[in-house]
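Student: Using my numbering, read the sequence shown as starting at 100 and increasing by one per residue.
In this text, a Cβ means the ideal position worked out from N, Cα and C, and glycines have one as well.
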Amino acid sequence: MTAPGTLVAWQEPGRTVLRHAAEWHEWSPQWLPSRVASVVRQRALRRYRSPILCQLPGGQQFFADPSDLVQCLVGTTGGWEQMIFDAVRPLVPHGSTVLDVGAHVGYAALRFGEWIGPTGRVVCFEPVPAHLVQLARNLEVNGYDARTTVVPMAVCDEAGERQFFDSGGSNTGMSSLNGGSERAPSRLVRTISIDGWLADAGMAEIALTKIDVEGAEALVLRGMARSLAEARHRAVLVELHPGVEPRIGQRVAEAFNRVAGHPYELFDWQPSGRFVPVGAAEPANYLLAVRGDSVPWQ
Numbered sequence: 100m101t102a103p104g105t106l107v108a109w110q111e112p113g114r115t116v117l118r119h120a121a122e123w124h125e126w127s128p129q130w131l132p133s134r135v136a137s138v139v140r141q142r143a144l145r146r147y148r149s150p151i152l153c154q155l156p157g158g159q160q161f162f163a164d165p166s167d168l169v170q171c172l173v174g175t176t177g178g179w180e181q182m183i184f185d186a187v188r189p190l191v192p193h194g195s196t197v198l199d200v201g202a203h204v205g206y207a208a209l210r211f212g213e214w215i216g217p218t219g220r221v222v223c224f225e226p227v228p229a230h231l232v233q234l235a236r237n238l239e240v241n242g243y244d245a246r247t248t249v250v251p252m253a254v255c256d257e258a259g260e261r262q263f264f265d266s267g268g269s270n271t272g273m274s275s276l277n278g279g280s281e282r283a284p285s286r287l288v289r290t291i292s293i294d295g296w297l298a299d300a301g302m303a304e305i306a307l308t309k310i311d312v313e314g315a316e317a318l319v320l321r322g323m324a325r326s327l328a329e330a331r332h333r334a335v336l337v338e339l340h341p342g343v344e345p346r347i348g349q350r351v352a353e354a355f356n357r358v359a360g361h362p363y364e365l366f367d368w369q370p371s372g373r374f375v376p377v378g379a380a381e382p383a384n385y386l387l388a389v390r391g392d393s394v395p396w397q
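#1: Arg148 to Ser274, Cα distance in whole Å?
#2: According to DSSP, is Val394 helix, strand or coil?
#3: Report all residues from its chain with a CB closer than 8 Å to the CB of Glu111; omit the five preceding and five following residues, and keep chain order.
#4: Leaving out the 5 sequence neighbours to the left and right, which residues in its chain are closer than 7 Å to Pro362 when beta-carbon positions are compared?
#5: Can you tell me whether Tyr243 is helix, strand or coil according to DSSP?
#6: Just to confirm the assignment, what range does the alpha helix (DSSP H) spanning Tyr206 have?
#7: From the DSSP output, read off the bridge partner residues of Gly259.
#8: To test your reading of the DSSP string, which unbroken alpha helix (DSSP H) runs of 4 or more residues are found completely within the segment 107–175?
#9: In chain order, which alpha helix (DSSP H) runs of at least 4 residues are fully inside the segment 321–389?
#10: Quick one: is Val375 buried, meaning 16 or more other Cβ sit within 10 Å of its Cβ, or exposed?
#11: May I ask which residues mark the beginning and end of the beta strand (DSSP E) holding Val221?
#12: Please return the same chain residues whose Cβ sits closer than 7 Å to the Cβ of Tyr206, not counting the five positions on each side in sequence.
#13: Tell me where the alpha helix (DSSP H) around Asp311 begins and ends.
#14: Comparing the C-beta of Gln129 with each C-beta of chain D, is any distance below 9 Å?
#15: Taking the alpha-carbon positions, what's the Asn134 to Arg142 distance?
#16: Taking one C-beta from the segment 228–235 and one from the segment 294–311 each time, how about it: are there three or more such pairs within less than 8 Å?
#17: DSSP has Val254 in a bridge; who is on the other side?
#18: Taking contact to mean 3 or more Cβ pairs, one atom from each stretch, closer than 8 Å, check whether the segment 297–317 and the segment 192–199 are in contact.
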């Protein structure tokens with residue numbers, strides 16, 4: 100095990116630490132009640148909280164917390180949802196602007212930062228203080244802080260304050276404005292709408308807006324109705340969470356279908372590894388809305 104603060108680059112002892120943490124993330128013996136196994140797993144993972152400095156396939160460095168499920172996966176495999184990122188890459192030209200709504204600790208921001216280059220801009224919206232610290236660290240170690248704006252707020256339909264629900268498990272990315280009926284709120288967070296932020300920032304067009312907010316997707320979209328109607332977003336990628344918010348795929352698709360003139364074409368991510376036009380079935384994983392004049396594969 101690494102001492103606190105020890106940083107390694109996908110080499111020993113970091114490789115072993117990540118492997119051991121990954122084994123605990125997967126540990127779920129059938130002979131033990133799931134609730135008890137979860138408690139044991141969480142306690143075991145506490146020993147793996149020291150960050151490991153890893154390298155992504157694109158060359159960026161990434162501080163991964165092995166006790167976090169997604170970060171551990173990034174550290175052991177080099178990425179997260181790589182096929183989806185590769186699919187939307189043609190939508191983001193060099194020098195453009197990307198909005199990262201629900202930036203977590205910066206994995207997506209690092210991918211976007213590589214694409215847009217030093218003349219582009221990535222805007223990260225993230226309200227959790229611990230995530231902001233790690234996000235800043237990941238941006239700084241890559242020299243991306245100069246091409247990134249961090250907005251320490253949650254995105255919803257209006258500016259103000261709302262109750263926020265921290266994740267209770269090993270996947271800290273599950274924190275959200277949507278707590279469902281099983282969790283108590285953790286804190287009050289400041290909120291902002293995309294339309295409000297765009298008005299203040301004076302930005303005319305966004306190449307890609309990525310939304311990953313664990314069930315609060317419809318709330319975010321209500322707060323960007325004006326800029327969608329003005330077709331200022333060339334593409335919007337929404338991770339859907341039907342387990343948190345039932346039929347959220349249908350509600351998200353309806354938000355784009357209500358845009359006057361229907362300037363957006365909708366695509367659903369398939370397990371086969373590609374986006375296909377949204378059909379009769381409700382989108383369940385990722386929905387991609389692309390402005391009609393920006394669809395790259397037509």
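Tutor: So, to answer that:
#1: 18 Å
#2: In the structure shown, Val394 sits in coil (DSSP, three-state: anything other than H, G, I, E or B).
#3: none
#4: Sequence-distant Cβ neighbours of Pro362 in its own chain, meaning closer than 7 Å and more than five residues away, are Ala330, Arg390, Gly391.
#5: coil
#6: 206–215
#7: Thr290
#8: If we require 4 residues or more, the alpha helix (DSSP H) runs fully inside the segment 107–175 come out as 113–125, 133–144.
#9: Fully contained in the segment 321–389 are the following alpha helix (DSSP H) runs of length 4 or more, in chain order: 324–328, 347–356.
#10: exposed
#11: 220–224
#12: Phe161, Val173, Trp179
#13: First-last for Asp311: undefined, no H or E at that position.
#14: Given the protein chain composition of this structure (a single chain), no chain D is represented.
#15: According to the sequence provided, residue 134 is Arg. The question's Asn does not apply to it. Taking the straight line joining both Cα atoms gives about 13 Å.
#16: no
#17: DSSP, once it has assigned bridges, lists Ile291 as partnering Val254.
#18: yes
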